[in-house]
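Novice: First, the structure itself, so that you have it in front of you.
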Amino acid sequence: MGGEDGVFCLPCGSGGREMFMLFLRECRKALYRVYKQYNYKALRKMIAFLQ
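For the sequence shown, full-length UniProt numbering assigns the number 1 to the initial residue and increments by one for each residue that follows.
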């Protein structure tokens with residue numbers, strides 16, 4: 001019963017796991033960057049509103 005497993009285990013060779021972890025780390029970094037930028041913009045809007 002390798003139907004569902006086949007989808008996840010395509011790159012399960014030697015460096016598949018490392019590549020996947022690297023991919024996750026890059027996604028997390030990009031998300032964090034967007035999150036920080038969004039917070040920064042919201043903060044500036046609030047400061048401009050208060051002044």
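Glycine residues also receive a C-beta, built at the ideal position from the N, C-alpha and C atoms.
Given this structure, state the Cα-to-Cα distance separating A42 from M19, to the nearest angstrom.
Specialist: Using only the alpha carbons, I get a separation of about 35 Å.
Novice: Secondary structure at G2, three-state DSSP: helix, strand or coil?
Specialist: Low confidence applies to G2: its pLDDT is 48, below 50, so where it sits in the model is not reliable, and the reading given next is rough at best. Here G2 sits in coil by DSSP.
Novice: Between G2 and Y35, what straight-line distance do the alpha-carbon atoms span, to the nearest angstrom?
Specialist: Any reading at G2 must be qualified, since the residue scores a pLDDT of 48, below 50, and its modelled position is unreliable; the value itself is stated next. Roughly 38 Å separates the two Cα atoms.
Novice: CA-CA distance, F23 and Q37?
Specialist: When rounded, the distance between both Cα atoms is 21 Å.
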